[in-house]
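Notes for the one structure printed next.
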Amino acid sequence: MKVNRHHPETELPAPKRNSEPPQAQTLSNIPEAVDDFLRNFLRRAGLTRTLSRFEGEWYGSALRRLTDTLKTVATAAPGVYFIPDALTHRHLLQSELEAVRAETELLKEEVLSAGASLVRIQRERDFHRLQHQRVSEDKRRLTEDFKHLKKHLESYEPVLRQMEEKYQTAVRQKMLLSFHRERLQSSTGPTPAQVKEERRKEKPPAKTTAHLKDSEFPPCSGLPRAYLEQMNSHTGKSLASFSLTCSIRAHQQPISCIDLHPRKLILVSASDDSTWRLWVLPEDREKMLLSGEGHSDWLSGCSFHPDGSKLATTSGDTTVRLWDFSRGCCVLMLSGHAQPTWACSFHSCGHFLASCSADRTAKLWDLNSQRCRLTLRRHTASVNSVCFLPSSNLLLTCSADKTLALWDARVGVCTTTFLGHCHPCNHAAFSSATSMVASCDSSGIINTWDTRKPTSPMAAADTGPLSANQVAFNHSGKMLAVASSDGLVKLVEVDSGSVSSLEGHRDSVQSVTFDHKGETVISAGSDGRVNIWS
């Protein structure tokens, strides 16, 4: 069969001759050239139907053939890839362009949000910068005012010091004159005319705040000589002679204070359980006589009335209460302190009661008129203890401001200040036999003072390092008992300064006292027990 070479659909192009050797493998690896050649050939020959069918079949199986070819080539020669055709490359570029546009929109939104946040932060920065400048200006102005006021105060200090010295000198002279006058009156006895004249001269102008039932302070007569000689002749026991003879489970909660009846072997204990209890010191077993409830908070102190028929208590509820044993109830509640009250003490006449508080004041209460007669303000921190000196109108206070103060209770004037402690003072006691004052502080230091030379302590003993909570003289004034926070009762010889310890408490010792003869030490602590050492 002969083939018509002139027929357009059957005519094939003649192969081109080339002097170079054929490179069939290279041409077979570039399908794009064959594709373009066939498409151009059919278009020039006018074979439109053949061209249309060729393009349909070619592009319909292009992806399958490309995938198979890539697999074959990857298997045969790893790392060799075909370059995609123009249409596939266009689709790939279109997909990448759409992804880039989507990322661009996201970045645009993030940039706008970051710009808004930046503007807001800049506004806040400007506001705080303005506030800082304003505060700095106020601080500078206040610092300048403080410096001016400090200089102004320093200019007044010499005048104030001079006035204070004059005032103290005048008070001492007045007290000396009063003591001499009272001593002369007690020795010779004034005539009725002299008494009338003295009252006319010394009677102050009537005050509108005076009360008809106000009590009068008795003259300072001092202790009888026979009593002082008896106490001075009492040498007391040695430090090694005390041993634990009895232990009473007085309260379930810590005991804050104990006090001994003026004449009988009856002890009162005040506790954190808001109650007080009256105990007969046991010979063979303990016995509770009476108990009292009425305070709304823990008890901090207690004190017997000089006649032994009443009891005063202080508490964390800021009140001072007076209890009558014959009635078995509270007969008077004294309110006036702003913070918890720590301790109280009766005047030897029994008509006045002094109390101290964490509000940095001590108050003098008249039990007849049932009102506050004086408020003593000098300390700059909590006043932790207060006590009247026996048979005198002098009041001793100690404070957390590291000082002790001696007051004339009749006029409310501080006559003496004791300086020497380096830590807050917890308690102070007075010896009637030697006219000495002993004080203890939160580091366990015990200082003894001469009331005539208050500038520095006579002697010091170290019972630390823990706090010394209370101190008590025996009747001879030669021995001190110290309640320590390390659970020990420390005994200190005043003359030698030697210290010994009594073991028996399981927790901090809060209160300590001697019996009437000085032969027994009684202590109480946070373990709720009362220990008796004989």
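Numbering (our numbering) for the sequence shown: -16 to 517.
Just so it is clear, CB atoms sit at the ideal spot from N, CA and C, and this is done for glycine as well.
All of these numbers come straight from a predicted model, not from anything done at the bench.
Nearest candidate by alpha-carbon position, reference residue i, set the options
i	options	result
D280	V102, W259 and L264	W259
T417	W516, L463 and G508	L463
R246	F287, G277 and I231	F287
V420	S426, S257, V154 and F401	F401
D19	A69, T31, G29 and R32	A69
S257	L264, P265, H244 and S239	S239
D469	S426, T31 and V142	S426
H499	L243, R123 and H406	L243
V472	K436, S509, S439 and G460	S509
S414	C405, E86 and W432	W432
L357	R310, Y150 and S338	S338
W306	T496, R117, E276 and P440	E276
N367	R27, C355, R343 and R106	R343
T399	H406, L449, L377 and V94	L377
S309	D290, M316 and Q322	D290
R232	H72, F110, L264 and T434	L264
Beta-carbon proximity of residue i to residue j, cut-off 7 Å
i	j	result
A392	L347	yes
V482	T446	yes
N457	G487	no
A341	S365	yes
N409	C423	yes
V492	A466	yes
L480	A442	The question names Leu, but residue 480 is Gly in the sequence shown. Their beta carbons are under 7 Å apart, which means G480 touches A442 by this criterion.
Q453	S494	yes
W325	L359	no
W516	L160	no
G284	C327	yes
L273	L261	yes
A444	V475	yes
S298	H278	yes
S292	T302	no
T33	L25	yes
S511	H330	Checking the sequence, you will find Gly at residue 511 rather than Ser. No, the Cβ-Cβ distance between G511 and H330 is not below 7 Å.
Residue(s) in a DSSP beta bridge with residue i
i	result
N430	S422 and A443
V513	I231 and A507
T438	Answer is none; T438 lacks a bridge partner.
F287	L294
D391	L377 and V396
K385	None, per the DSSP bridge assignment.
E88	Beta-bridge pairing links E88 to no other residue.
F538	Examination of residue 538 is not possible in this model, given that the chain is present from -16 through 517 alone.
V454	V465
L402	T386
T258	E276
Interface flag, residue i vs chain B, CB-CB below 7 Å
i	result
Q235	Of the chains in the structure shown, none is chain B; there is only one protein chain.
Closer than 6 Å: residue i CB and nearest the ligand GDP heavy atom
i	result
A82	As far as ligands go, the structure on display features none, and thus does not contain the ligand GDP.
Report yes or no: do the segment 133 to 148 and the segment 362 to 379 share at least 3 C-beta pairs separated by less than 8 Å? Result no; under three Cβ-Cβ pairs closer than 8 Å.
Length-filtered (4 minimum) alpha helix (DSSP H) runs lying within the segment 122 to 156: none
Continuous beta strand (DSSP E) assignments of at least 3 residues falling wholly in the segment 290 to 370
293 to 298, 302 to 307, 312 to 318, 324 to 329, 335 to 340, 344 to 349 and 354 to 360
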